[in-house]
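Comments concern the structure below.
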Amino acid sequence: MSNKTVVLGVTGSIAAYKAVDVASQLTQRGINVEVILTEAATHFVTPLTFRSITARPVITDMFRLASVFSVEHVALAEAADLIVIAPATANIIAKLAGGIADDSLTCTVLATAAPIVIAPAMHTGMYENSVTQRNLAELRRRDFTIIGPIHGRLASGGIGLGRFAPPSEIVTTICHLLSRRKDLIGKQILITAAGTHEAIDPVRYIGNRSSGKMGYALAAAARDRGAHVQLISAPTSLPKPLGVEVIDVQTAAEMSSAVSEKISRADILIMAAAVADYCPVKIRKRKVKKADQRWDLTLKRTPDILAETAGCSPRPLRIGFAAETENLLRNAEAKLNQKDLDLIIANDITIPGSGFGADKNQVAIIDRSGDIEELPLLDKTEVAQRVLDRAVKLLAE
761 MSNKTVVLGV TGSIAAYKAV DVASQLTQRG INVEVILTEA ATHFVTPLTF
811 RSITARPVIT DMFRLASVFS VEHVALAEAA DLIVIAPATA NIIAKLAGGI
861 ADDSLTCTVL ATAAPIVIAP AMHTGMYENS VTQRNLAELR RRDFTIIGPI
911 HGRLASGGIG LGRFAPPSEI VTTICHLLSR RKDLIGKQIL ITAAGTHEAI
961 DPVRYIGNRS SGKMGYALAA AARDRGAHVQ LISAPTSLPK PLGVEVIDVQ
1011 TAAEMSSAVS EKISRADILI MAAAVADYCP VKIRKRKVKK ADQRWDLTLK
1061 RTPDILAETA GCSPRPLRIG FAAETENLLR NAEAKLNQKD LDLIIANDIT
1111 IPGSGFGADK NQVAIIDRSG DIEELPLLDK TEVAQRVLDR AVKLLAE
């Protein structure tokens, strides 16, 4: 870590004093820590505190010409291997989501190409406000890593969600992000995402609650690690990830056809899509009008895409997902063996805040030997990185 530079942005929260511990832990790991304090943050902690910890000047003024970073928001943005804002208030989150750049910290974030981590800390009401949640969703869409907040005692004296995440967790995440390499350069990765729509008539379809967030997070993570990514996507409202070749499909049959066409060049196949298991035998050409009588719909099985790829040559590394509501590990292991997979990612969709439509996932990664790695509830961007870490290891073996 000795050649890494982390920009630590500290904003005006009572949790600002805990940022000193973050700076200390990073410095002890040999990381060069450049601190930016917002004006509000200086009411809680002093520049001298951070200078004493990091042995570096602390930036509080965007127009301080005597600084080694004569134009801080440009120089620091280019020097940073990672930017972390801890604590991040509702105000700074709103600014970042809106692209506002009115101080050293926001200018630096807007100018950088480095990964960005934020650790929110605020009152429960502010965190749960729909505006804050919308802003956080926008930052996730832009690949920000968000750590916390956690449930606990707040500055107001109450108990709730909004407490600053443990500094050790923030530092661990930073080190994990900094240690990643471009370890997928030259690799072709084929990913499926979202839930297929099986038409009943021009208006209705059979589908599921998949948002596509997990598959899209995998595509963005693989792209950032240097891979050429092809994303076969069922319908979703998510924006197409930049730098990823997206193939749009509607049905399981269309997805199966697209996978068959692309798989011969793939080094890794990741089936993150929620493919409908059944589709109507007959698709009505006109909308079926509502009537009093019962409507019986006859269904047939859709293609089993993973099973169909088992015998392809050359054989890519094959990774599947198992969304379950009971007997999670047993059902996932059975699917792994039946479909001859290298890895299966099992998630219990009944866990609150995890699975379909959520920004987080709690999964278990199971390999062919039966080894099980159970992960805590993590942001889907972080789950994607953990899955790719395992895939890279398997490729090396």
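1157 is the number that the working numbering gives the last residue of the sequence shown; the numbers go up by one with no jumps.
Ideal placement from N, C-alpha and C gives every residue a C-beta, glycine not left out.
The structure presented is a predicted model; accordingly, all values stated were derived computationally and were not measured.
{"Asked": "P1074 versus E1086: straight-line alpha-carbon distance, rounded", "Found": "35 Å"}
{"Asked": "Three-state secondary structure assigned by DSSP to Q990", "Found": "strand"}
{"Asked": "Where the beta strand (DSSP E) through D1127 begins and ends", "Found": "1123-1127"}
{"Asked": "DSSP-derived helix/strand/coil call for C1072", "Found": "coil"}
{"Asked": "Cβ pair L1137, K1120 closer than 7 Å", "Found": "yes"}
{"Asked": "For A1082, the nearest candidate out of T1069, L1096, G1071 (CA to CA)", "Found": "L1096"}
{"Asked": "Endpoints, the beta strand (DSSP E) within which N889 is located", "Found": "First-last for N889: undefined, no H or E at that position."}
{"Asked": "One or two residues paired with S916 in a DSSP bridge", "Found": "Per DSSP, none; premise fails for S916."}
{"Asked": "Contact belief for G769 with I796 at Cβ below 8 Å, rounded distance in angstroms", "Found": "5 Å"}
{"Asked": "Beta-ladder partner(s) of A1106, from DSSP", "Found": "A1082, A1124"}
{"Asked": "For A1036, three-class secondary structure by DSSP", "Found": "coil"}
{"Asked": "Straight-line gap, R1046 to P962 (C-alpha atoms, nearest Å)", "Found": "6 Å"}
{"Asked": "Same chain, Cβ closer than 6 Å to A959, five either side skipped, listed in chain order", "Found": "Y965, I1043"}
{"Asked": "Terminal residues of the beta strand (DSSP E) in which R1061 lies", "Found": "1059-1061"}
{"Asked": "D1119: CB within 6 Å of a non-hydrogen atom of the ligand GDP", "Found": "Absent from the structure shown: the ligand GDP. Ligands present: none."}
{"Asked": "Cα-Cα separation between A1144 and V1123, rounded to whole angstroms", "Found": "11 Å"}
{"Asked": "Distance between beta carbons of A1032 and P1001, contact taken as under 8 Å", "Found": "No, P1001 and A1032 are not in contact; Cβ-Cβ is about 13 Å, not under 8 Å."}
{"Asked": "Cα-Cα separation, K855 to R1146", "Found": "30 Å"}
{"Asked": "Three-way DSSP call (helix, strand, coil) for A776 in this model", "Found": "helix"}
{"Asked": "Contact check, I1109 vs G1117, beta carbons under 7 Å", "Found": "no"}
{"Asked": "Which of helix, strand or coil DSSP assigns to N763", "Found": "coil"}
{"Asked": "Straight-line gap, Q990 to S1016 (C-alpha atoms, nearest Å)", "Found": "14 Å"}
{"Asked": "Any 3 or more C-beta pairs closer than 8 Å across the stretch 923-930 and the stretch 969-977", "Found": "no"}
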